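Going down the list, the sequences are from chains H and W. If you want the numbering used here, it's the position in the first sequence, counting the first as 1, plus 2. If you want the numbering used here, it's the position in the second sequence, counting the first as 1, plus 1057. Glycine residues also receive a C-beta, built at the ideal position from the N, C-alpha and C atoms. All values reported here derive from a predicted model rather than from experimental measurement. Here the structure comes first, spelled out in structure tokens, and everything after it is commentary.
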Amino acid sequence: MSFNESVLGKEYLKYCNLKEIALNTKTLDLSNISWFFPTCLLPLGIFIKEHKEIHVIPPIDIEVSKYFNIIMKDKIDSVKRSYIPIVEILPNKKLIEKNLDSLISNKDYNMGSLNAFAYFIGELITNIYEHSKFSTAYIIAQRYNQKNFTEVGIIDNGISIPGSYESKGFNFSDIKALEAAIQGLSTKYNDIECSERGYGLRTSLNLLTEGFEANCLIVSRGVGLVANKNNRFFYKMKEKDIFNGTLISTRFYNNIREVNVYAYIDT
Amino acid sequence: MFMLTSIHKKKKIQLAEFISKNLLLRNSADELFNHINNLKTNKITIDFDKIQSVTRAFTHQYLINKKKSNKNIIDANISPHVKNMFDLIEKTKPASQEVYVY
Chain H
3 MSFNESVLGK
13 EYLKYCNLKE
23 IALNTKTLDL
33 SNISWFFPTC
43 LLPLGIFIKE
53 HKEIHVIPPI
63 DIEVSKYFNI
73 IMKDKIDSVK
83 RSYIPIVEIL
93 PNKKLIEKNL
103 DSLISNKDYN
113 MGSLNAFAYF
123 IGELITNIYE
133 HSKFSTAYII
143 AQRYNQKNFT
153 EVGIIDNGIS
163 IPGSYESKGF
173 NFSDIKALEA
183 AIQGLSTKYN
193 DIECSERGYG
203 LRTSLNLLTE
213 GFEANCLIVS
223 RGVGLVANKN
233 NRFFYKMKEK
243 DIFNGTLIST
253 RFYNNIREVN
263 VYAYIDT
Chain W
1058 MFMLTSIHKK
1068 KKIQLAEFIS
1078 KNLLLRNSAD
1088 ELFNHINNLK
1098 TNKITIDFDK
1108 IQSVTRAFTH
1118 QYLINKKKSN
1128 KNIIDANISP
1138 HVKNMFDLIE
1148 KTKPASQEVY
1158 VY
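So this is what it looks like as structure tokens:
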């Protein structure tokens, strides 16, 4: 399967195409966009914030434009505006869980298991804080009733998973780095307190694909991963499709059964 | 005399209020114990009432910080779900002291 044959991969490449045109023309033309899914919207939001020189033409569709404007705000106040399905994860901000409560507990998702859903969100955000050295990060959870799925995206503009390995002295290709992260490849370390760390991505991917039977996409610098219950495909991203940071996107379908999170946690 | 009274005073912290009903992040466990360790009281009850979910990362850091703290800390109202996570972390071996990069 090629990267753009997966629904999430296709959404990510939609962002890449918009970005490429914008870099060439200095104009990001979104006028004809009929809808955004988190997988496209999240990296687009970071791109726009990092390229203030680019002129943005907003979507013509009023509803789409409103949705788009949410992420374009300089500061998203998720507590006061809890109906917005996006939370900005701020560097150096402590005790952010209350900001996430409305997103996690939203009954629209019909996740079947609140504990498991909260678990993977918590573990992935912990990864961002501990490893990514980010300046901007978001999480969106959006239910699409007519399409019968929920899409959750978590993004940061940090050093990426391959960059994280590099910072620890590993000389991996980007694909090898992501494989290592998912397999839990480790290095000896003399701090016993650190011996628990690093389960987040591995456990979360297993929980998502096997427990929730969701589709997953990870893009981290020059590597992409498309995963579901049966398959995991790694891709070397083209130069124009590289993302300087990490995007983790997942699509949950209806009729999700209860998930016992402990079945997916390493011991 | 005042100090003696303070030291023996009890204090209860409702985690659902102090952090959230979802205990997710490792650094939140650190913030909790920054607060606890700066309290003048010695005996502190940490109340897990209304907690809906807890991650491995939070639990691990909570248990480390609790062990390090000089305070007399009592956990209260731990649900079976939270207890499962506590048990899982406590029974997990340090496993050759490995650290995962991601």
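Nearest CA to the CA of Y255 (chain H): which residue from H:I98, H:V154, H:G247, H:L102?
-> Taking the first sequence and counting its residues from 1, the one referred to as residue 255 (chain H) is at position 253. Of the listed residues, the one whose Cα sits closest to Y255 (chain H) is H:V154.
Any beta-carbon of chain H closer than 8 Å to the one on N1127 (chain W)?
-> In the second sequence, the residue the question calls residue 1127 (chain W) occupies position 70. Judged by the 8 Å Cβ criterion, N1127 (chain W) is not in contact with chain H.
Helix or strand or just coil, what does DSSP make of N246 (chain H)?
-> In the first sequence, residue 246 (chain H) corresponds to position 244, counting from 1. Looking at N246 (chain H) - three-state DSSP - the assignment turns out to be strand.
Can you give me the Cβ contacts of Q1071 (chain W) inside the same chain, cut-off strictly under 6 Å, excluding the 5 residues immediately before and after it?
-> Translated into positions along the second sequence, residue 1071 (chain W) becomes position 14. So the qualifying residues of the chain are D1104.
Going straight from the alpha carbon of P93 (chain H) to that of I1121 (chain W), what length do you get?
-> The count along the first sequence starts at 1 and reaches residue 93 (chain H) at position 91. The count along the second sequence starts at 1 and reaches residue 1121 (chain W) at position 64. If you take the alpha carbons of P93 (chain H) and I1121 (chain W), they lie about 23 Å apart.
What residues are listed by DSSP as bridge partners for E90 (chain H)?
-> Looking up residue 90 (chain H) in the first sequence gives position 88. H:Y140.
Beta carbon of N1079 (chain W), beta carbon of L207 (chain H): below 8 Å?
-> The count along the second sequence starts at 1 and reaches residue 1079 (chain W) at position 22. The count along the first sequence starts at 1 and reaches residue 207 (chain H) at position 205. In this structure, L207 (chain H) does not lie closer than 8 Å to N1079 (chain W) by Cβ.
Whose CA, out of W:H1138, W:K1124, W:N1095, lies closest to the CA of K1107 (chain W)?
-> Taking the second sequence and counting its residues from 1, one reaches residue 1107 (chain W) at position 50. Considering only alpha carbons, the answer is W:H1138.
Measuring alpha carbon to alpha carbon, tell me which of H:N159, H:N150, H:P60 ends up nearest I127 (chain H).
-> Mapped onto the first sequence, residue 127 (chain H) falls at position 125. Ranking the options by Cα distance to I127 (chain H), first place goes to H:N159.
Beta-carbon proximity list for G124 (chain H), same chain, < 7 Å, skipping 5 on both sides = Position 122 of the first sequence, counting from 1, holds the residue named residue 124 (chain H). Nothing meets the Cβ criterion.
For G47 (chain H), the three-state DSSP class (helix, strand or coil) | Here residue 47 (chain H) corresponds to residue number 45 of the first sequence, with the count starting at 1. G47 (chain H) falls in the helix class under three-state DSSP.
Return helix, strand or coil for K1124 (chain W), following the three-state DSSP convention.
-> For the purposes of this step, residue 1124 (chain W) is identified with residue 67 of the second sequence, where counting begins at 1. Helix at K1124 (chain W).
How many Å lie between S197 (chain H) and Q1118 (chain W) at the Cα?
-> On the first sequence, position 195 is the one that residue 197 (chain H) refers to. On the second sequence, position 61 is the one that residue 1118 (chain W) refers to. Unreliable positioning characterises S197 (chain H) in this predicted model, as indicated by a pLDDT of 46, which lies under 50. A coordinate reading is not provided.
Do the CB positions of G11 (chain H) and G226 (chain H) come within less than 8 Å of each other?
-> Numbered from its first residue, the first sequence carries residue 11 (chain H) at position 9. Numbered from its first residue, the first sequence carries residue 226 (chain H) at position 224. Cβ atoms of G11 (chain H) and G226 (chain H): closer than 8 Å.
Taking Cβ-Cβ distances shorter than 8 Å, what residues in chain H pair up with T1112 (chain W)?
-> Your numbering for residue 1112 (chain W) matches position 55 in the second sequence. Near T1112 (chain W) (Cβ distances below 8 Å), the residues of chain H are A120, Y121, G124, E125, T128.
Quick one: which chain H residues come within Cβ less than 7 Å of N1084 (chain W)?
-> To locate residue 1084 (chain W), count along the second sequence from 1; it is residue 27. The answer, in chain order, is K96, Y131.
Counted within 10 angstroms of its Cβ, other Cβ atoms place Y146 (chain H) as buried (16 or more) or exposed = The count along the first sequence starts at 1 and reaches residue 146 (chain H) at position 144. With fewer than 16 Cβ atoms within 10 Å of its Cβ, Y146 (chain H) is classed as exposed.
Per-residue contacts from G160 (chain H) into chain W (C-beta, under 8 Å) = Counted from its first residue, the first sequence places residue 160 (chain H) at position 158. By Cβ distance, chain W contributes nothing, its closest Cβ being about 11 Å from G160 (chain H), past 8 Å.
Of all the CB atoms in chain H, is at least one closer than 8 Å to the CB of S1077 (chain W)?
-> Looking up residue 1077 (chain W) in the second sequence gives position 20. Closer than 8 Å to some Cβ of chain H, the Cβ of S1077 (chain W) qualifies, so yes.
Tell me which same chain residues have a C-beta within less than 7 Å of the C-beta of D1132 (chain W), skipping the five on either side of it?
-> Looking up residue 1132 (chain W) in the second sequence gives position 75. Answer for D1132 (chain W): I1103, F1105, listed in chain order.
What does L116 (chain H) touch in chain W if you count any residue whose Cβ is under 8 Å from its own?
-> For the purposes of this step, residue 116 (chain H) is taken as the residue at position 114 of the first sequence. Simply Q1109, S1110.
Note down, in chain order, all residues in the segment 1084–1098 of chain W with a beta-carbon under 7 Å from any beta-carbon belonging to chain H.
-> N1084, S1085, E1088
Give a yes or no on whether the C-beta atoms belonging to I91 (chain H) and Y140 (chain H) are separated by under 8 Å.
-> By one-based count along the first sequence, residue 91 (chain H) stands at place 89. By one-based count along the first sequence, residue 140 (chain H) stands at place 138. Result yes, Cβ atoms of I91 (chain H) and Y140 (chain H) sit closer than 8 Å.
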